[in-house]
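Reviewing the structure listed below.
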Amino acid sequence: MSTLLKIEFTIPEQVADEAGVFIASKVPHGWEETPAGDGRKFTLYLEDHPLGHEMVKEFQARFPESDVTWSERESEDWAMAWKDFFVPVNCGESFRIYPPWLDDGDSEHTHIVIEPKMAFGTGHHPTTSLCLATIGRLAQAGTIAKGQTFLDLGTGSGILGIGLSKLGLTGIGLDIDPQAVVCAVENLEANGVSGSMSLAVGSIDCVEQDRTFDLVVANILSGPLIEMAGEILPRVRPGGSLVLSGILADKQSDAVAEAYARRGLGEPQRFVEGEWICLVWENLRD
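Under the working numbering, the first residue of the sequence shown carries the number 208, and numbering increases by one thereafter.
This is how it looks when you write it as structure tokens:
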């Protein structure tokens with residue numbers, strides 16, 4: 208029977224954000240963060256035990272003041288492991304993310320139901336919550352509206368596309384990982400938006416070259432965002448908007464903004480959460 212490696216890192220608060228960035232660079236899925244005295248504790252689960260142990264060594268070398276423990280648990284307990292700590296999360300003023308087994312009766316937000324999976328996002332990571340909060344702001348301002356279209360590049364578990372679908376938009380979600388698309392299909396069905404969003408395995412080059420969208424959102428990494436600038440920008444319809452995330456605020460945002468400035472865009476709006484930033488251009492013109 209396969210087992211999961213449970214890893215717990217306890218770190219002083221002054222370096223907790225830096226530790227979160229390190230973990231995000233190594234682990235593609237969600238984790239738990241809880242207060243621990245004057246610091247913070249990170250808890251995560253991995254199937255890849257060699258990767259996990261290597262990550263522990265790197266973490267201890269980079270953060271010698273940390274306390275690290277690990278243990279094994281049966282993989283069949285994965286869902287129960289999530290239930291130990293998965294709580295609803297608000298993303299801006301518009302959205303609230305729930306696991307399927309928990310609904311606290313909140314009626315002030317648009318609900319997104321996400322089944323936690325081992326390899327894909329749950330909405331707890333700042334890059335996802337930043338994007339959802341930004342989508343909510345664009346909707347409140349009337350920049351995006353029911354009947355418009357979207358492209359969600361690097362859809363993962365489908366969270367952003369689900370949020371847009373629940374606002375009345377229709378679109379496409381793309382991811383280069385086939386298992387991510389399988390996960391996204393399940394989440395679209397759970398949220399009742401399968402008819403509003405189609406999914407495909409691939410990157411932006413698998414969309415018809417002349418097809419454009421009212422909103423393009425890409426929550427991936429700074430390197431691909433820079434490399435694909437010449438492919439992403441033409442997908443934004445004149446008058447449309449572009450949202451880019453997965454970018455470190457103090458190390459990568461200027462490079463990403465400059466890559467798009469070279470193609471005629473002005474200075475983006477910048478929204479920051481912790482170490483991460485979301486870049487937004489509205490009402491783009493030819």
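Where is the CB? At the ideal position from N, CA and C, for every residue including glycine. What you are looking at is a predicted structure, and each value in this text was computed from that prediction instead of being measured.
Contacts around VAL443, its chain only, beta-carbon distance under 7 Å, and the 5 residues preceding and following it disregarded: Mapped onto the sequence shown, residue 443 falls at position 236. Correct list, in chain order: THR419, PHE420, VAL423, LEU449, LEU491.
Does the beta-carbon distance from CYS298 to ALA352 come in below 8 Å? As a first step, residue 298 is located in the sequence shown; it is residue number 91 there, counting from the start. As a first step, residue 352 is located in the sequence shown; it is residue number 145 there, counting from the start. No, the Cβ-Cβ distance between CYS298 and ALA352 is not below 8 Å.
What residue does the alpha helix (DSSP H) around MET262 start on, and which one ends it? The residue labelled residue 262 in the question sits at position 55 within the sequence shown. Per DSSP, MET262 belongs to the alpha helix (DSSP H) from 256-269.
In this structure, how does DSSP classify MET208 when only helix, strand and coil are distinguished? Translated into the one-based positions of the sequence shown, residue 208 becomes position 1. Because MET208 carries a pLDDT of 47, less than 50, the predicted location of this residue cannot be relied on, and the following value inherits that uncertainty. The answer is coil: DSSP assigns MET208 none of H, G, I, E or B.
Can the beta-carbon of GLY380 be found less than 8 Å from the beta-carbon of THR362? Here residue 380 refers to the residue found at position 173 of the sequence shown. Here residue 362 refers to the residue found at position 155 of the sequence shown. Contact flag set, yes.
Proximal residues to SER429 (C-beta, below 6 Å), its chain only, five neighbours per side dropped: The residue you call residue 429 lines up with position 222 of the sequence shown. Closer than 6 Å at Cβ, skipping near neighbours: ILE454, GLN459, VAL463.
Out of curiosity, what's the CA-to-CA distance linking ALA157 and VAL389? Lying outside 208 to 493, the shown extent of the chain, residue 157 is not represented and no answer is given.
So is GLY349 buried or exposed if we call it buried at 16+ other beta carbons inside 10 Å? Translated into the one-based positions of the sequence shown, residue 349 becomes position 142. GLY349 comes out exposed.
Residues bridged to THR558 by DSSP? Here the chain has residues from 208 to 493 only, and residue 558 is not among them.
Just to confirm my understanding: we take ILE427, look at its own chain, exclude 5 residues before and 5 after, and list those with CB closer than 6 Å. What are they? Counted from its first residue, the sequence shown places residue 427 at position 220. Answer for ILE427: GLY361, GLY453, listed in chain order.
Starting from the C-beta of ALA226, find all residues in its chain whose C-beta is less than 8 Å away, skip the five residues before and the five after it, and write them out in chain order. Here residue 226 refers to the residue found at position 19 when the sequence shown is read from its first residue. The answer, listed in chain order, is PHE216, ILE218, ARG247, PHE249, PHE266, PHE270, SER273.
Rounded to a whole number of angstroms, what is the C-alpha to C-alpha distance between CYS485 and HIS260? On the sequence shown, position 278 is the one that residue 485 refers to. On the sequence shown, position 53 is the one that residue 260 refers to. If you take the alpha carbons of CYS485 and HIS260, they lie about 32 Å apart.
Within 10 angstroms of the Cβ of PRO242, are there 16 or more other Cβ atoms? Answer buried if so, exposed if not. Residue numbering aside, residue 242 sits at position 35 when the sequence shown is read from its first letter. So PRO242 counts as exposed.
So for GLU240, helix, strand or coil by DSSP? Within the sequence shown, the letter at position 33 stands for residue 240. Strand, per DSSP.
Considering just the uninterrupted stretch of the beta strand (DSSP E) at GLU480, what are its terminal residues? One-based indexing of the sequence shown puts residue 480 at position 273. Element bounds for GLU480: 476-480.
Put SER401 into one of helix, strand or coil per three-state DSSP. Reading the sequence shown from its first residue, position 194 is the one you call residue 401. In this structure, SER401 counts as coil in the three-state DSSP scheme.
Sorted by chain position, which residues of the same chain lie with C-beta nearer than 6 Å to TYR467's C-beta, five sequence neighbours on each side aside? Position 260 of the sequence shown, counting from 1, holds the residue named residue 467. Cβ neighbours of TYR467 beyond the five flanking positions: ALA436.
For the putative contact between PHE302 and GLY343, defined by C-beta atoms under 8 Å, what is the C-beta separation to the nearest angstrom? Position 95 of the sequence shown, counted from the start, is the residue given in the question as residue 302. Position 136 of the sequence shown, counted from the start, is the residue given in the question as residue 343. So it is a contact: roughly 6 Å between Cβ atoms.
Contact defined as beta carbons within less than 8 Å: I believe GLY375 pairs with GLY354. What is the distance between those atoms, to the nearest angstrom? Along the sequence shown, one-based indexing puts residue 375 at 168. Along the sequence shown, one-based indexing puts residue 354 at 147. About 6 Å separates the two Cβ atoms, so the contact holds.
Using 8 Å for Cβ pairs, my map puts SER232 next to VAL296. What's the rounded Cβ distance? For the purposes of this step, residue 232 is identified with residue 25 of the sequence shown, where counting begins at 1. For the purposes of this step, residue 296 is identified with residue 89 of the sequence shown, where counting begins at 1. Wrong, their Cβ atoms sit about 21 Å apart, outside the cutoff.
Check the C-beta distance from ALA387 over to PRO307 and give it rounded, since I have them as a contact under 8 Å. Walking along the sequence shown from the start, residue 387 turns up at place 180. Walking along the sequence shown from the start, residue 307 turns up at place 100. About 18 Å; that fails the 8 Å criterion.
Indicate the three-state DSSP secondary structure (helix, strand or coil) for LYS233 in the structure shown. Taking the first residue of the sequence shown as 1, we reach residue 233 at position 26. Of the three classes helix, strand and coil, the one that applies to LYS233 here is helix, per DSSP.
By how many angstroms is the C-alpha of ALA346 removed from the C-alpha of PRO385? Here residue 385 is taken as the residue at index 178 of the sequence shown, counted from 1. Here residue 346 is taken as the residue at index 139 of the sequence shown, counted from 1. Rounded to the nearest angstrom, the two C-alpha atoms are 30 Å apart.
In its own chain, which residues sit with a C-beta less than 8 Å from the C-beta of GLU482, not counting the 5 before and 5 after it? Residue 482 sits at position 275 when you count from the first residue of the sequence shown. The residues are ASP224, GLU225, GLY227, VAL228, PRO333, LEU455, ALA456, ASP457.
GLU322 by DSSP, collapsed to three states: which one? The count along the sequence shown starts at 1 and reaches residue 322 at position 115. Looking at GLU322 - three-state DSSP - the assignment turns out to be coil, as it is neither helix nor strand.
Alpha helix (DSSP H) containing LEU432: first to last residue? For this step, residue 432 is matched to residue 225 along the sequence shown. Run containing LEU432: 429-434, per the alpha helix (DSSP H) assignment.
Could you check if CYS338 is buried or exposed, using at least 16 other CB atoms within 10 Å of its CB as the buried criterion? Sequence index remark: in the sequence shown, residue 338 carries index 131 (1-based). Buried.
Around the Cβ of LEU258, are there at least 16 other Cβ atoms within 10 angstroms (buried) or fewer (exposed)? The residue given as residue 258 occupies position 51 in the sequence shown. With fewer than 16 other Cβ atoms within 10 Å, it is exposed.
Can you tell me where the alpha helix (DSSP H) with SER460 in it begins and where it stops? To locate residue 460, count along the sequence shown from 1; it is residue 253. Here the alpha helix (DSSP H) through SER460 covers 460-468.
Please state the DSSP three-state secondary structure of GLY446. On the sequence shown, residue 446 is found 239 positions in, with the first residue counted as 1. Three-state result, GLY446: strand.
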